[in-house]
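I have placed the structure first, in the form of structure tokens, so that the comments after it can refer back to it.
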Amino acid sequence: MSLGRRSAALFAVAALLLSGCGGGGDGGGDGGGNQAGGAETTTIEWWHIQNIEPMLPVWDAMAREYEKAHPNVKINITPIENEAFKAKLTTVTQSGEAPDLFQTWGGGVLDQQVQAGLVKDLTADVAAWPSPLLPLAVQPYQIGGKTYGVPYDIGMVGFWYNKALFAKAGIDEPPATWAEFLDDVKALKDAGITPIALAGNAKWPGHYYWAYLAMRVGGLEALKQAAETKSFENPDFVAAGQQLKQLVDLQPFQTGFLGAAYETPDGQAAAVGNGKAAMELMGQWAPTVQRDAAKDLGDDLGFFPFPAVEGGKGTATEAFGGGGGFAVGADAPPATVDFLKYITSVENQRRSVETGAFLPVVQGAEDAIKDARAKVVAENLAGATGFQLYLDQAYPPAVGQQVNDSVAELIAGSKTAEQVTADITQTAKSE
Amino acid sequence: MDTMTRLDGATEPREAGRRAGDRPARRFRLRAWATIAAFLLPALVLFCLLVVAPILLALYASLFKWNGFGVLPTDFIGLDNFTRLFEDEIFLGDLWRGLLLIVLSVGVQLPLALGIALLLNQPMRGRAVYRLLFFAPYVVSEVIAAVLFTMVFSPEQGLANRILTAIGLEGLTSTWLADPSTVMYTLFIVMTWKYFGFYMIIFLAGRQAIPSEVTEAAAIDGANTWQIFRHVTLPLLGPTIRIGVFLSVIGTIQLFDLVWVLTGGGPIHTSETLAVTMFQYGFARYQVGYASAISVVMFIISLVFALGYQRWVMRRDIEGAITGMKDHR
Numbered sequence: 001m002s003l004g005r006r007s008a009a010l011f012a013v014a015a016l017l018l019s020g021c022g023g024g025g026d027g028g029g030d031g032g033g034n035q036a037g038g039a040e041t042t043t044i045e046w047w048h049i050q051n052i053e054p055m056l057p058v059w060d061a062m063a064r065e066y067e068k069a070h071p072n073v074k075i076n077i078t079p080i081e082n083e084a085f086k087a088k089l090t091t092v093t094q095s096g097e098a099p100d101l102f103q104t105w106g107g108g109v110l111d112q113q114v115q116a117g118l119v120k121d122l123t124a125d126v127a128a129w130p131s132p133l134l135p136l137a138v139q140p141y142q143i144g145g146k147t148y149g150v151p152y153d154i155g156m157v158g159f160w161y162n163k164a165l166f167a168k169a170g171i172d173e174p175p176a177t178w179a180e181f182l183d184d185v186k187a188l189k190d191a192g193i194t195p196i197a198l199a200g201n202a203k204w205p206g207h208y209y210w211a212y213l214a215m216r217v218g219g220l221e222a223l224k225q226a227a228e229t230k231s232f233e234n235p236d237f238v239a240a241g242q243q244l245k246q247l248v249d250l251q252p253f254q255t256g257f258l259g260a261a262y263e264t265p266d267g268q269a270a271a272v273g274n275g276k277a278a279m280e281l282m283g284q285w286a287p288t289v290q291r292d293a294a295k296d297l298g299d300d301l302g303f304f305p306f307p308a309v310e311g312g313k314g315t316a317t318e319a320f321g322g323g324g325g326f327a328v329g330a331d332a333p334p335a336t337v338d339f340l341k342y343i344t345s346v347e348n349q350r351r352s353v354e355t356g357a358f359l360p361v362v363q364g365a366e367d368a369i370k371d372a373r374a375k376v377v378a379e380n381l382a383g384a385t386g387f388q389l390y391l392d393q394a395y396p397p398a399v400g401q402q403v404n405d406s407v408a409e410l411i412a413g414s415k416t417a418e419q420v421t422a423d424i425t426q427t428a429k430s431e
Numbered sequence: 432m433d434t435m436t437r438l439d440g441a442t443e444p445r446e447a448g449r450r451a452g453d454r455p456a457r458r459f460r461l462r463a464w465a466t467i468a469a470f471l472l473p474a475l476v477l478f479c480l481l482v483v484a485p486i487l488l489a490l491y492a493s494l495f496k497w498n499g500f501g502v503l504p505t506d507f508i509g510l511d512n513f514t515r516l517f518e519d520e521i522f523l524g525d526l527w528r529g530l531l532l533i534v535l536s537v538g539v540q541l542p543l544a545l546g547i548a549l550l551l552n553q554p555m556r557g558r559a560v561y562r563l564l565f566f567a568p569y570v571v572s573e574v575i576a577a578v579l580f581t582m583v584f585s586p587e588q589g590l591a592n593r594i595l596t597a598i599g600l601e602g603l604t605s606t607w608l609a610d611p612s613t614v615m616y617t618l619f620i621v622m623t624w625k626y627f628g629f630y631m632i633i634f635l636a637g638r639q640a641i642p643s644e645v646t647e648a649a650a651i652d653g654a655n656t657w658q659i660f661r662h663v664t665l666p667l668l669g670p671t672i673r674i675g676v677f678l679s680v681i682g683t684i685q686l687f688d689l690v691w692v693l694t695g696g697g698p699i700h701t702s703e704t705l706a707v708t709m710f711q712y713g714f715a716r717y718q719v720g721y722a723s724a725i726s727v728v729m730f731i732i733s734l735v736f737a738l739g740y741q742r743w744v745m746r747r748d749i750e751g752a753i754t755g756m757k758d759h760r
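Which chain is which? The protein sequence lines are A and B, in order. Just so you know, we're using this note's numbering here: the first sequence kicks off at 1 and counts up by one. Just so you know, we're using this note's numbering here: the second sequence kicks off at 432 and counts up by one.
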């Protein structure tokens, strides 16, 4: 019967389609322990965010070297752009899987991944490694006394300023206190110079101001406590918001800063690189991005740590920043940890640091820093008496984003310092 | 829904009664159903897998507090996500902004597209070139268009401000996308640039389907240009305009990519749409349950609008189509 044959064929096609879908679905995450014939080949799925020069080829080379030394290991590299990585990882982890080796910033997101049982506890492995990691650099990846990630880069946020523009405004040395800082902003404005470039639309650069002020006024302990009690209703945080409001009221930012992005040709980094704005509060990567988006200021570009606030509980030597690290998926093959150890070795750290992209996270790689400006950051970091991870990484994602959103509203003038702490608290309580 | 009940006319009581004892016909009918089922099955399975299942999953997830990790959510909170929505300033703002964009699209963009379509229907030199030029923006990808306009509306180096300054209109220069009070209108300018060509083309097609005898007859009867437009062209364009409004409204409710690249929803949420807010909650805040609730509301709004609009506004147009099908059976 022709009809029967036809429908049978259709069923077959449908079945093929379905099995095709099913087969494609679980190809992404696992990848571990494929047994091919007699020889066991292990495949490591590696997702990193160094999708551009200079680190893309360096990590590629390290993977190939490791494969050569271990013929039974194959490393599949997926380089993904920063924001795309976050979205892609979220999608994959929803299926309960994680890549074998993947980018992490530690803090709140890593904590959620740990709770979901997606990442491996690396405490014992890391303790046995020959090249000791800097305690400061490992801190963001330690949760409840256990280590769930290994850093490859560490840095801090501070003011990057244009020495020539500061001289033009008659400022001899960088400010040491918030009051001096505000005076300098006024002096720059009086000299017809835009004092600060800010990427208002990106939000995270704005949160640096509030976070640093909160650290200087309330101290590191206050921020830690806020995370534990889920309450940011602390008069010190309100005071920090008011200090920020004082700065905003001086109108120190470039025209249209509320819509500005960070790394576009008319964004924050470019404004400083082009000499249109005198400074920006940014991490250790600022010179690189300025060079990419506009041009390199060379020796005119200086760095000073965030000033102290008079009468505050924090000191000017406490650093705020973060880095990048790797977490290992819960079901990853054992070779993954060994490979991680390989790329974190002193020799390979030196190779990475020499590109100028990273600052060292293992002892003994400091002298590989070539760039004078990177050295300044490394020195400040080495002398730091305390360390706070970026708030949008340290706290659970929803709280971190709320900090960014609320501070952006404070800077735009639509929320008060009190509303900022109230909104963050409300989000923290609901988590 | 209408189509379904009409298509299986055989089960309607009056026909069923007439054919109850008709055995060969019944067997034939049964076999026909088997054929239909066999042909429908692959598409139906894919449809269920790719359309129905995600909708049901979103509905399910919207009842949970879930950060998206793990296979399925466990922390059931009932309708809390939905009650939270109606206290969420950003979400309520999204509704207002969506309404504003719909009003502007239907009130400004579509009439503009109609006007240009009618102009380009006139015999003139280089008509094809104009048609191509006006349609071109629609072919450009949303992301490219958005990147282009972030440059055009850049406050300091942007083309828009430079042109305004060059022609002596410094007073009209603005920070465009960077100012909470102008960002929505700037967004609308970009939307219009991007999409009016599409509506122009469908209006043009609709206009060309109107036989010239009708307008000529009106002209002979002494109707002036406005009267011909108002009483002949416009009513005959009715079905085209109604589908244009429908596509425009649905498209605006779901607007995402253009806004995402242009402003990311900023500054301070003043250009966020429902879809952008959903993405922010889902992928930046990892509140997948809450984001699902937003997507469910988006779905309901679109569905209610689509069904209501088809039922009340496009009724005549659709009935025509179905009657036609019945005749062909």
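Glycine is no exception: its CB is placed at the ideal position from the N, C-alpha and C atoms. These figures come from a predicted structure and were not determined experimentally.
query, result
"The segment 131 to 145 of chain A contacting the segment 264 to 281 of chain A, beta-carbon criterion three pairs below 8 Å", "no"
"Residue 516 of chain B vs residue 725 of chain B beta-carbon contact at 9 Å", "yes"
"Neighbour flag for residue 118 of chain A against chain B, beta carbons, 9 Å", "yes"
"Meets three-Cβ-pair contact criterion under 8 Å: the segment 215 to 223 of chain A and the segment 236 to 253 of chain A", "yes"
"Integer Cβ distance of residue 344 of chain A from residue 58 of chain A, believed to fall under 8 Å", "About 13 Å separates the two Cβ atoms, so there is no contact after all."
"Ranges of the beta strand (DSSP E) found wholly within the segment 296 to 368 of chain A, counting only runs of at least 3", "301 to 304, 318 to 328"
"Residue-level contact to chain A via CB, residue 400 of chain B, 9 Å cutoff", "The question about residue 400 of chain B has no answer here: the residues shown for chain B are numbered 432 through 760."
"Neighbouring residues, chain A, relative to residue 716 of chain B (Cβ below 9 Å)", "396, 397, 398, 399, 400, 401, 402, 427"
"Under the three-state DSSP convention, the category residue 172 of chain A falls into", "coil"
"Residue 253 of chain A to residue 197 of chain A span [Cα, whole Å]", "5 Å"
"Any 3 or more C-beta pairs closer than 8 Å across the segment 496 to 514 of chain B and the segment 662 to 680 of chain B", "no"
"Beta-carbon proximity check, residue 209 of chain A vs residue 247 of chain A, cutoff 9 Å", "yes"
"Cut-off 7 Å between Cβ atoms - residues of its own chain near residue 67 of chain A, not counting five sequence neighbours on either side", "73, 74, 75"
"Length of the line joining the Cα atoms of residue 438 of chain B and residue 460 of chain B", "Note on residue 438 of chain B: pLDDT 44, under 50, position unreliable in the model; no value is reported."
"Contacts of residue 409 of chain A in chain B (Cβ-Cβ under 7 Å)", "699"
"CB contact below 9 Å: residue 608 of chain B versus chain A", "yes"
"First through last residue of the beta strand (DSSP E) which encompasses residue 282 of chain A", "277 to 282"
"Residue from A:87, A:61, A:167 whose Cα sits closest to the Cα of residue 718 of chain B", "A:87"
"Alpha helix (DSSP H) runs contained entirely in the segment 222 to 271 of chain A, provided each spans 4 or more residues", "235 to 249"
"Per-residue contacts from residue 414 of chain A into chain B (C-beta, under 7 Å)", "699"
"Backbone CA spacing between residue 661 of chain B and residue 549 of chain B [nearest angstrom]", "13 Å"
"Contact set between the segment 579 to 603 of chain B and chain A, restricted to residues whose Cβ is under 9 Å from the partner", "581, 582, 584, 585, 586, 587, 588, 589"
"Span of the alpha helix (DSSP H) around residue 631 of chain B", "614 to 639"
"Neighbour flag for residue 727 of chain B against chain A, beta carbons, 9 Å", "no"
"Environment of residue 203 of chain A [buried if 16+ CB atoms lie within 10 Å]", "buried"
"Residue 399 of chain A Cβ short of 8 Å to the ligand MN heavy atom set", "The ligand MN is not among the ligands present in this structure, which contains no ligands whatsoever."
"Beta-carbon spacing of residue 301 of chain A, residue 168 of chain A below 9 Å", "no"
"Neighbourhood of residue 265 of chain A by C-beta distance below 7 Å, restricted to the same chain and skipping five residues each side", "293"
"Option nearest residue 636 of chain B by Cα separation, candidates B:454, B:653, B:674", "B:674"
"Beta-bridge partners of residue 691 of chain B, as assigned by DSSP", "Bridge partners of residue 691 of chain B: none, in fact."
"CB-CB length for residue 533 of chain B against residue 683 of chain B, believed under 8 Å", "5 Å"
"Residue 207 of chain A, enclosing alpha helix (DSSP H) - first and last residue", "204 to 218"
"With 16 other Cβ atoms within 10 Å as the buried cut-off, status of residue 509 of chain B", "exposed"
"Straight-line Cα distance separating residue 668 of chain B from residue 638 of chain B", "7 Å"
"Test: residue 203 of chain A CB closer than 9 Å to a CB of chain B", "yes"
"Sub-9 Å separation of residue 432 of chain A and residue 698 of chain B beta-carbons", "Outside the displayed range of chain A (1 to 431) lies residue 432 of chain A, so it cannot be described from this structure."
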